[in-house]
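Below is one structure, written out as structure tokens, with a few remarks after it.
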Amino acid sequence: MKLWLAKQRYLIDFTLASLARRKTRNLGLLLVYTLLVFMLASVTLYTHALRQEAARVLAASPEVIVQRMVAGRHDLIPPGYMEKIGRIRGVQKMEGRLWGYYYDAVTKANYTFMVPAGNPPAAGEIVVGPALERSRGLAKDNGISFRSYSGKLHTFIVADVLPQASELVSADLVLMSEQNFRAFFDYPVGHYTDIALSVANPQEVRNVAVKLGAALPDARPILRDEVLRTYASIYDWREGIVLALLSAAILAFGILAWEKASGLSAEEKREIGILKAIGWETGDVIKMKFWEGLLISLTAFLAGFVAAYVHVFHFAASLFEPVLKGWAVLYPRFQLTPHIDGLQVATLFFFTVVPYAAAVLVPIWKAAITDPDSVMRS
Amino acid sequence: MIELSGIRKAFNQGHDNEYWALDGIDLSIEAKKVTALRGPSGSGKTTLLTIVGCLARPTEGRVRLLGEDISGLPERFLTEIRRKRFGFIFQQFNLIKGLSALDNIILPAYPTGRPRRELLERAEELLAGLKLGHRRHAKVEWLSGGEQQRVAICRALINDPELVIADEPTANLDTHLSREFMGILEGLADQGRTILLTSHDPLVVESDVVQRVIDMRDGKLIDEH
Amino acid sequence: MRPADRAFLLLAAGICAFALCFVDAARLRAVAGADEAERTRLVAQLRLTDLALFTEARYTRHPSQADLHSAFQDHPLALEHFPTGSLIAPPAGLAKVGAGDTAK
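Here the protein sequences line up with chains A, B and C, keeping their order.
So the first sequence is residues 1 to 378, counted in my numbering.
So the second sequence is residues 379 to 603, counted in my numbering.
So the third sequence is residues 604 to 707, counted in my numbering.
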């Protein structure tokens with residue numbers, strides 16, 4: 001074991017010395033490699049953490065939301081609709097939700113106006129989300145006016161600001177009383193935006209949906225599972241696009257690495273011949289090159305991953321911000337809770353470290369099994 | 379020490395340009411003697427050197443080292459023999475660029491895993507013996523031809539071989555350096571090492587150090603002095 | 604110090620940093636527990652269904668509640684208007700036959 005280690009140290013000594021001879025080139029390669037791992041790791045860490053976050057937080061959302069469809073579009077729930085649903089076994093509670101969108105011409109942003117179920121703000125008061133607090137410079141007890149779609153100006157007092165910690169789900173919310181909501185939007189009395197059902201037994205949810213479909217053919221039940229599925233697949237598209245773009249980079253890097261590794265220069269071939277002539281075994285030469293590949297790829301992987309971790313979880317993935325923000329004026333400021341998928345990391349490791357090590361080894365194998373007498377015939 | 383019998387070596391065998399570099403060599407190299415192979419270029423002396431040095435296998439014939447047939451041994455064993463018993467001084471010196479003189483010298487000992495301190499001590503000793511101690515940390519490409527050769531000699535000796543093989547050792551040296559080399563060679567012979575070299579340099583083959591000169595032509599031994 | 608030892612040291616440092624990421628992640632998760640509870644409480648209380656990631660259009664603000672066809676605006680050949688449309692897949696139901704009625 002000790003002897004083995006001593007040998008490996010010699011091999012590493014040698015491989016580092018030969019890397020140092022082409023310092024700029026190898027450092028450049030290492031940098032590009034690290035950057036590549038950094039990008040890939042950032043994307044996977046970010047999307048995984050966000051999906052985890054969504055799954056955990058939205059697990060508390062209503063089991064079933066019932067929308068009414070008119071001509072394939074979402075429509076208001078008219079009075080008497082809930083009664084038509086009647087009693088369905090397993091449904092604990094049935095409540096109409098009131099919410100809608102408001103476009104604020106001042107900030108050119110969309111807000112979500114909503115009437116909370118329990119202890120709504122008093123008449124004339126609102127509770128705003130943290131992004132609103134920032135974009136409109138609001139604070140507790142400030143007054144703010146919104147011009148409603150009917151043209152009338154409504155003034156509200158900010159009773160409270162939702163906690164910063166909840167920003168990921170509440171950034172653009174404006175909570176108000178039912179009375180204010182209906183007055184502001186001219187929302188007809190007795191109508192609701194949709195209906196939230198609580199179902200105690202998760203096994204019952206499907207049955208409830210089936211019964212709803214039978215009772216009200218124009219209803220569209222949205223199950224919590226579907227909500228969760230929506231977020232489980234969020235960024236799948238963009239991840240795909242990013243990976244598609246990155247795949248070009250990966251290919252380019254692959255060519256670079258392959259070229260560097262397989263374009264074994266005459267100089268390197270001569271060196272291998274010398275090493276073999278003076279008593280290195282083919283295995284020693286291959287091990288020496290294996291260390292080269294492993295050192296470069298492992299360094300790149302570790303550095304890239306650690307940088308990606310810091311980027312995503314300590315700098316809020318700030319490099320991605322322009323991509324993720326889209327055109328939204330209100331963008332939530334949030335710090336993702338790090339959930340790291342070991343399998344993803346292992347996959348990343350496998351797909352970044354192994355190919356490079358292989359790319360280094362293959363041509364060396366060919367060169368190393370040639371006869372050592374070539375050095376004498378030069 | 380080494381016995382060759384019926385050695386033939388072909389290059390590009392089975393192709394149109396098939397060429398027999400060695401054509402029936404029977405030779406016995408005695409231990410603790412300085413033997414020189416002499417002949418024009420293309421006479422097969424370097425090829426013979428590669429076969430004696432286990433760098434290549436003969437196409438036909440047998441090589442015996444200390445009575446043991448080694449021509450059929452697998453590559454790994456040949457490498458081990460090369461490392462333990464032979465030291466090579468190549469015509470082009472074949473040092474690894476970018477490494478210091480010391481690092482070059484200890485290179486053949488890497489696969490043995492011997493402690494580095496021990497290797498460095500031995501290398502320093504060898505360098506000092508060839509009056510090159512002051513250049514030990516210089517990169518080999520900064521050394522002069524003569525210095526490079528002395529580094530190559532030190533490298534050949536790091537594993538304390540019984541047989542030193544030198545291919546055209548004076549081809550890249552001027553007369554003064556060639557004389558110095560012969561002095562070094564004499565020292566090695568005095569240490570009891572077997573030396574086999576190729577040369578067509580009269581300064582080498584006519585020197586007193588060389589005890590046996592074998593003439594070669596067209597892959598055959600033609601004469602012996 | 605020998606180059607090999609320097610390399611070992613560098614690798615060891617890298618592996619430590621790598622391991623530290625996981626330790627740090629566990630620490631952050633523990634710290635963030637209260638915040639997460641706050642979010643979950645708000646989701647339950649307000650019966651929220653979506654993350655407020657993209658607020659520019661209703662199908663990006665509430666992708667799970669959006670009209671089945673809203674990812675395509677008014678018809679399937681409509682060009683995507685908002686960049687975030689590319690971040691969110693169309694409703695899962697669209698991929699299935701009988702898209703409008705998940706109950707069937």
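We treat Cβ as the ideally placed atom computed from N, Cα and C, and that holds for glycine.
Bear in mind that the values here come from a model prediction, so they are computed numbers and not experimental data.
query                                                                                                                                                               : result
Specify the secondary structure class of A:H314 as computed by DSSP and reduced to three states.                                                                    : helix
Three-state secondary structure (DSSP) at A:E95?                                                                                                                    : strand
Looking at the secondary structure, which residues open and close the alpha helix (DSSP H) in which B:E584 lies?                                                    : It is not in any alpha helix (DSSP H) - B:E584 carries neither H nor E in the DSSP assignment.
Would you check if the distance between the CB atom of A:L58 and the CB atom of A:V199 is smaller than 8 Å?                                                         : no
Starting from the beta carbon of C:V626, find every residue of chain A whose beta carbon is closer than 9 Å, and list them in chain order.                          : Those do not exist, as C:V626 stays about 11 Å from chain A at its closest Cβ, beyond 9 Å.
Under 8 Å, Cβ to Cβ, is there at least one residue of chain A near C:L612?                                                                                          : no
Should A:A266 go down as buried or exposed, given a rule of 16 or more other Cβ atoms within 10 Å for buried?                                                       : exposed
What does C:A635 reach in chain A if we use C-beta pairs closer than 8 Å?                                                                                           : Q335, T337
At a CB distance below 8 Å, what residues from the segment 567-588 of chain B approach chain A? Give them in sequence order.                                        : none
Do A:V360 and A:T107 have their C-beta atoms closer together than 8 Å?                                                                                              : no
Spatial neighbours of A:P79 within its chain, please: CB distance less than 6 Å, with the 5 preceding and 5 following residues excluded, ordered by chain position. : G190
Identify the residues that DSSP records as bridge partners of A:H154: which are they?                                                                               : A:F146
Is there a Cβ of chain A sitting closer than 8 Å to that of C:L615, yes or no?                                                                                      : One detail in the question is off: residue 615 of chain C reads as Ala in this sequence, not Leu. No - not a single Cβ of chain A is within 8 Å of the one on C:A615.
Short of 6 Å in beta carbon distance, which residues of its chain neighbour B:T618, apart from the five on each side in sequence? Order them along the chain.       : Residue 618 of chain B lies beyond the stretch modelled for chain B, which goes from 379 to 603, so this question has no answer here.
Which value, in whole angstroms, describes the spacing of the CA atoms of C:A615 and B:R514?                                                                        : 32 Å
Do you know how far the Cα of C:A635 is from the Cα of A:H311?                                                                                                      : 18 Å
Within a Cβ cutoff of 8 Å, which residues of the same chain sit near A:K84, ignoring the five residues on either side of it in sequence?                            : A215, L216
Where DSSP assigns a beta bridge to B:K387, which residues make up the other side?                                                                                  : B:L400
So is A:F313 in contact with chain C if we call contact Cβ pairs under 8 Å?                                                                                         : yes
Quick one: which chain B residues come within Cβ less than 9 Å of A:L11?                                                                                            : Y488, P489
Between A:I364 and A:K289, which are expected to be in contact by the criterion C-beta below 8 Å, what is the C-beta distance as a whole number of angstroms?       : 4 Å
Grab the span of the beta strand (DSSP E) containing A:S18 for me, first residue to last.                                                                           : It is not in any beta strand (DSSP E) - A:S18 instead sits in the alpha helix (DSSP H) that spans 2-21.
Where does the unbroken beta strand (DSSP E) through A:Q344 begin, and where does it stop?                                                                          : First-last for A:Q344: 342-368, but that is the alpha helix (DSSP H), not the beta strand (DSSP E).
Using a Cβ-Cβ distance under 8 Å, would B:T457 count as near chain A?                                                                                               : yes
Rounded to whole angstroms, what's the CA-CA distance from A:P332 to A:L168? Just pull it up for me.                                                                : 6 Å
To which residues of the same chain is C:A620 closer than 8 Å at the C-beta, ignoring the five residues directly before and after it?                               : none
Determine, for A:R89, whether the minimum Cβ-Cβ distance to residues of chain C falls below 8 Å.                                                                    : no
Taking only beta-carbon positions, decide if A:K7 is within less than 8 Å of chain B.                                                                               : yes
Within the chosen definition, does the segment 571-581 of chain B reach the segment 543-550 of chain B through at least 3 CB pairs nearer than 8 Å?                 : yes
Residues in its own chain within less than 8 Å of A:L385 by CB, not counting five upstream and five downstream?                                                     : Residue numbering for chain A in the displayed model covers 1 to 378; residue 385 of chain A lies beyond these limits and cannot be assessed.
Under 8 Å, Cβ to Cβ, is there at least one residue of chain C near A:D160?                                                                                          : no
Within the 8 Å Cβ cut-off, does B:P493 reach chain A?                                                                                                               : yes
Could you tell me which of B:D538, B:M594, B:R528 sits nearest to B:G422, measuring between CA atoms?                                                               : B:M594
From the DSSP output, in three-state form, read off B:E408 for me.                                                                                                  : coil
Does the segment 429-448 of chain B come close enough to the segment 547-564 of chain B that 3 or more CB-CB pairs lie under 8 Å?                                   : no
Give the interface partners of A:T299 over in chain C, defined as CB-CB distance under 9 Å, in chain order.                                                         : A610, L613, L614, G617
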